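S.K.: Okay, here's the structure, questions in a sec.
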């Protein structure tokens, strides 16, 4: 919200980000996306407005509630699964330390560096999200829809992204792009991070549909999906029948 205001005030004023959450430090403070949520969907009002600089201090993460810190690991897991082999290996060895109640500053510094440098690389290649940057939406299409369906209450962003990755894996399986083991791998990472791997009770696909239709990536009635092939590889596609989206929630 601060970035969005900076982008429209006096047609743009200098902006510096000092992120104080896991999501902010590993992802959203870098890349210039600004926006506010609307009852019709997530981040529908916003702009591209890169900050002059980003100052990250892992110390802030020590002040967060444990659930909030763990929630941010949903975004970290996403980076590992879309094609960051070094981070994938690091999580294999350190995910329990990152999700532990005690704060392992060394592990968090390495995690932030790996994610932030990856985000900077991707954004430098595709600032306006016309290609490669769209891979960062892995888990977000269904995750954003879930957040909207729940009125942005009762679920944290990283938790929703984790469930969105499971949903994407189910769609990928139905299209023959991946096997059951990919969904199980995602579940394993989420469980190790103490993140939910089951959809909230009472949520049906019909609750998500309005938000999927208003998603920023939707064109001509189809949303561009980012689907897993295997851990470390995803593909973008619009080659599917709309009915397949209903398979995302068991």
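Numbering (this note's numbering), first residue to last: 125 to 374. Every residue, glycine too, gets a C-beta built ideally from N, C-alpha and C. Everything numeric in this text was worked out from a predicted model, so none of it was measured.
1. Have a look at 302, 184, 136 and flag the residue whose alpha-carbon is nearest the alpha-carbon of residue 228.
2. Opposite residue 349 in the DSSP bridges: which residues?
3. I'd like to know whether the C-beta atoms of residue 273 and residue 172 end up nearer to each other than 8 Å.
4. For residue 161, which three-state DSSP category applies?
5. Do the stretch 348-363 and the stretch 239-254 touch if we need at least three Cβ pairs shorter than 8 Å?
6. The alpha helix (DSSP H) that contains residue 246, what's its start and end?
7. According to DSSP, is residue 310 helix, strand or coil?
8. Between which two residues does the alpha helix (DSSP H) holding residue 199 run?
9. Closest by CA to residue 193, which one among 359, 317, 369, 368?
10. Three or more C-beta pairs under 8 Å: does that hold for the stretch 188-204 against the stretch 140-150?
11. Determine, using beta-carbon pairs with one atom in the stretch 149-166 and one in the stretch 217-227, whether at least three such pairs fall under 8 Å.
12. What is the rounded straight-line gap between the Cα of residue 370 and the Cα of residue 298?
13. Between the stretch 198-208 and the stretch 322-332, are three or more C-beta pairs nearer than 8 Å?
14. For residue 141 versus residue 200, is the C-beta spacing smaller than 8 Å?
15. Residue 262 lies in the alpha helix (DSSP H); which residues open and close that run?
16. Using the beta-carbon count (16 or more within 10 Å), is residue 124 buried or exposed?
17. At the level of alpha carbons, what is the spacing between residue 284 and residue 225?
18. Over what stretch of residues does the alpha helix (DSSP H) that includes residue 295 continue unbroken?
M.R.: Considering the structure as presented:
1. 184
2. 361
3. no
4. strand
5. no
6. 229-249
7. helix
8. 190-207
9. 317
10. yes
11. no
12. 11 Å
13. no
14. no
15. Looking at the DSSP string, residue 262 is not in any alpha helix (DSSP H), and its letter there is neither H nor E.
16. The structure shown does not extend to residue 124, since the chain is modelled only from 125 to 374, so the question has no answer here.
17. 21 Å
18. 281-298
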